[in-house]
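One line per chain: the protein sequences are E and F, in this order. Mind the numbering: the first sequence is residues 1 to 152 in the working numbering, read in order. Mind the numbering: the second sequence is residues 153 to 284 in the working numbering, read in order. Even glycine gets a Cβ: it sits at the ideal position worked out from N, Cα and C. Inspection log for the structure reproduced underneath, given as structure tokens.
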Amino acid sequence: MLSPTDPEVRAFLQRSLVLQFATLSSKTRPFLTPLWFVVDDDTLYLTTGPETRTGKNIAKRPHVALLCSGERDPRRDRVLRLRGTATCHYGLPSWRVLFRIATKYYVSPRALPVELQHARQWRLRRLYYGQIKGGFGHIRVVPTAAEFLPRP
Amino acid sequence: MDVATAPEPMSSKRATRDVEVSAVQDLLDHPPRATVAFVHGDAVDLLPVRARCSAGQYLFGVGIPASSDLADREVVLILDDGPYWFELRGISVRGVASRRAAPAEAKTAGFVWYAIAPSRVLAWDYASVREE
Numbered sequence: 001m002l003s004p005t006d007p008e009v010r011a012f013l014q015r016s017l018v019l020q021f022a023t024l025s026s027k028t029r030p031f032l033t034p035l036w037f038v039v040d041d042d043t044l045y046l047t048t049g050p051e052t053r054t055g056k057n058i059a060k061r062p063h064v065a066l067l068c069s070g071e072r073d074p075r076r077d078r079v080l081r082l083r084g085t086a087t088c089h090y091g092l093p094s095w096r097v098l099f100r101i102a103t104k105y106y107v108s109p110r111a112l113p114v115e116l117q118h119a120r121q122w123r124l125r126r127l128y129y130g131q132i133k134g135g136f137g138h139i140r141v142v143p144t145a146a147e148f149l150p151r152p
Numbered sequence: 153m154d155v156a157t158a159p160e161p162m163s164s165k166r167a168t169r170d171v172e173v174s175a176v177q178d179l180l181d182h183p184p185r186a187t188v189a190f191v192h193g194d195a196v197d198l199l200p201v202r203a204r205c206s207a208g209q210y211l212f213g214v215g216i217p218a219s220s221d222l223a224d225r226e227v228v229l230i231l232d233d234g235p236y237w238f239e240l241r242g243i244s245v246r247g248v249a250s251r252r253a254a255p256a257e258a259k260t261a262g263f264v265w266y267a268i269a270p271s272r273v274l275a276w277d278y279a280s281v282r283e284e
């Protein structure tokens, strides 16, 4: 096990784009969903809200597990598993976190061409987000343990 | 997947990114990311896996030594791809796992293989977002 603040762990998180987020339901059933995330002050901010299945699970059982693939890591032989404690919050995160989300997923040199290519679908995306029950929210995860696993 | 867009007033039309499983067939053949979640003790856990899926068969192989035996346990398998919003595609398979022999085409010595008896399968492709 590594400390979540180990420099190698931090670097791997910076090189990861989508993480798999595992939670436990109130009936002790596993739930898994891929999510975007950014790191701020050693806390992971995940982009989903309190009224989602994930959010409801966290409200009852805050201990979670995460898997990062390191899509931009030069080594392709490992993934990173984190364990941590999660809390769910109504409303948007801080402007600093929003800025990190925007620069990572919307206007980075790789993201922007994808956005522009699908400009005609932005209205549909707004409609899609408008359906979110309870409005926007976010999840904060404080990692408690980290471990590199071999990529199968 | 993100929180950076303001919500709109409620509309009678609904937007969806759900698709038929056949629309993400390439993910079943060669999933860039394959992950399985399960309950271990009183906590949730997850592992990277190899997956071989076709014709309604959902197989995955676990290569981590000393990991839990997942036979007869409920699991969720996700195969997915894409970092950016309009590139996000995936399939989620929930069901009970059972041990089985390694697929003939899988060069996976040291892996323990399972088949999922699916109770729920969901596929998505954000580039296909549309009104219903």
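Below 9 Å between beta carbons: does that hold for residue i and residue j?
{"i": "ALA146 (chain E)", "j": "LEU82 (chain E)", "result": "yes"}
{"i": "SER271 (chain F)", "j": "ARG246 (chain F)", "result": "yes"}
{"i": "TRP20 (chain E)", "j": "PHE238 (chain F)", "result": "It should be pointed out that residue 20 (chain E) corresponds to Gln in this sequence rather than to Trp. No, the Cβ-Cβ distance between GLN20 (chain E) and PHE238 (chain F) is not below 9 Å."}
{"i": "GLY130 (chain E)", "j": "GLU51 (chain E)", "result": "no"}
{"i": "LEU149 (chain E)", "j": "LEU199 (chain F)", "result": "yes"}
{"i": "PRO143 (chain E)", "j": "PRO4 (chain E)", "result": "yes"}
{"i": "VAL97 (chain E)", "j": "VAL38 (chain E)", "result": "yes"}
{"i": "PRO13 (chain E)", "j": "LEU35 (chain E)", "result": "Here residue 13 (chain E) is Leu; the residue named in the question, Pro, does not match the sequence. Contact: no."}
{"i": "VAL79 (chain E)", "j": "ARG125 (chain E)", "result": "no"}
{"i": "VAL173 (chain F)", "j": "VAL273 (chain F)", "result": "yes"}
{"i": "ARG202 (chain F)", "j": "GLU257 (chain F)", "result": "no"}
{"i": "LEU229 (chain F)", "j": "ILE268 (chain F)", "result": "yes"}
Give a yes or no on whether 9 Å exceeds the smallest Cβ distance from residue i to chain F.
{"i": "VAL39 (chain E)", "result": "no"}
{"i": "LEU105 (chain E)", "result": "First, the residue type needs correcting, since residue 105 (chain E) is Tyr and not Leu in the sequence shown. Closer than 9 Å to some Cβ of chain F, the Cβ of TYR105 (chain E) qualifies, so yes."}
{"i": "THR54 (chain E)", "result": "no"}
{"i": "VAL64 (chain E)", "result": "yes"}
{"i": "THR33 (chain E)", "result": "yes"}
{"i": "SER69 (chain E)", "result": "yes"}
{"i": "ARG15 (chain E)", "result": "no"}
{"i": "ARG151 (chain E)", "result": "yes"}
{"i": "ALA86 (chain E)", "result": "no"}
Measuring alpha carbon to alpha carbon, tell me which of the options ends up nearest residue i.
{"i": "ARG251 (chain F)", "options": "F:PHE263, F:GLY242 and F:GLU257", "result": "F:PHE263"}
{"i": "TRP95 (chain E)", "options": "E:ASP40, E:GLY84 and E:SER16", "result": "E:ASP40"}
{"i": "THR33 (chain E)", "options": "E:LYS27, E:GLY49, E:THR43 and E:ASP42", "result": "E:GLY49"}
{"i": "TRP276 (chain F)", "options": "F:ALA175, F:ARG166 and F:ALA256", "result": "F:ALA175"}
{"i": "GLN209 (chain F)", "options": "F:GLN177, F:PHE190 and F:ARG282", "result": "F:GLN177"}
{"i": "LEU240 (chain F)", "options": "E:ASP73, E:HIS118, E:ASN57 and E:THR23", "result": "E:HIS118"}
{"i": "ARG61 (chain E)", "options": "E:GLU8, E:THR87, E:PHE99 and E:VAL114", "result": "E:THR87"}
{"i": "ALA65 (chain E)", "options": "F:LEU211, F:VAL281 and F:VAL191", "result": "F:VAL191"}
{"i": "PHE31 (chain E)", "options": "F:LEU211, F:ALA189, F:VAL248 and F:PHE212", "result": "F:ALA189"}
{"i": "SER25 (chain E)", "options": "F:ALA261, F:PRO217, F:ALA195 and F:TRP265", "result": "F:ALA195"}
{"i": "THR23 (chain E)", "options": "E:ARG15, E:SER3 and E:LEU67", "result": "E:LEU67"}
{"i": "ARG29 (chain E)", "options": "F:ASP170, F:PRO183, F:VAL227 and F:THR187", "result": "F:VAL227"}
{"i": "THR47 (chain E)", "options": "E:ARG75, E:VAL79, E:ALA59 and E:ALA102", "result": "E:ALA102"}
{"i": "ASP181 (chain F)", "options": "F:VAL248, F:PRO217 and F:GLY242", "result": "F:GLY242"}
{"i": "GLY193 (chain F)", "options": "F:SER220, F:ASP233 and F:THR168", "result": "F:SER220"}
{"i": "SER16 (chain E)", "options": "E:ASN57, E:VAL141, E:LYS104 and E:HIS138", "result": "E:LYS104"}
{"i": "TYR236 (chain F)", "options": "E:PRO93, E:ALA111 and E:HIS63", "result": "E:ALA111"}
Helix or strand or just coil, what does DSSP make of residue i?
{"i": "GLN177 (chain F)", "result": "helix"}
{"i": "VAL114 (chain E)", "result": "helix"}
{"i": "GLU147 (chain E)", "result": "strand"}
{"i": "TYR106 (chain E)", "result": "coil"}
{"i": "ASP154 (chain F)", "result": "Note that ASP154 (chain F) scores 44 on pLDDT, short of 50, meaning its location in the model is unreliable and no value can be drawn from it."}
{"i": "GLU226 (chain F)", "result": "strand"}
{"i": "ILE132 (chain E)", "result": "coil"}
{"i": "PHE99 (chain E)", "result": "helix"}
{"i": "PHE263 (chain F)", "result": "coil"}
{"i": "GLU283 (chain F)", "result": "strand"}
{"i": "LEU124 (chain E)", "result": "helix"}
{"i": "ARG81 (chain E)", "result": "strand"}
{"i": "TYR278 (chain F)", "result": "helix"}
Exposed or buried, what is residue i when buried is set at 16 or more other beta-carbons lying within 10 Å of its beta-carbon?
{"i": "PRO159 (chain F)", "result": "Caution is warranted here: a pLDDT of 42 is assigned to PRO159 (chain F), below 50, making its placement in the model unreliable, and no coordinate value can be reported."}
{"i": "ASP224 (chain F)", "result": "exposed"}
{"i": "VAL155 (chain F)", "result": "A caution first: VAL155 (chain F) carries a pLDDT of 36, below 50, which makes its placement in the model too unreliable to give a value."}
{"i": "THR85 (chain E)", "result": "exposed"}
{"i": "ARG185 (chain F)", "result": "buried"}
{"i": "VAL18 (chain E)", "result": "buried"}
{"i": "ASP73 (chain E)", "result": "buried"}
{"i": "PRO7 (chain E)", "result": "exposed"}
{"i": "ASP42 (chain E)", "result": "exposed"}
{"i": "LYS165 (chain F)", "result": "exposed"}
{"i": "PHE212 (chain F)", "result": "buried"}
{"i": "VAL107 (chain E)", "result": "exposed"}
{"i": "TYR128 (chain E)", "result": "buried"}
{"i": "LEU116 (chain E)", "result": "exposed"}
{"i": "PHE136 (chain E)", "result": "buried"}
{"i": "TYR278 (chain F)", "result": "buried"}
{"i": "PRO217 (chain F)", "result": "exposed"}
Using beta carbons (cut-off 9 Å, strictly below), is residue i in contact with chain E?
{"i": "ILE230 (chain F)", "result": "yes"}
{"i": "ARG185 (chain F)", "result": "yes"}
{"i": "SER174 (chain F)", "result": "no"}
{"i": "ASP237 (chain F)", "result": "Note that residue 237 (chain F) corresponds to Trp in the displayed sequence, not to Asp. So, interface residue."}
{"i": "ALA223 (chain F)", "result": "no"}
{"i": "ARG282 (chain F)", "result": "yes"}
{"i": "LEU211 (chain F)", "result": "no"}
{"i": "SER244 (chain F)", "result": "yes"}
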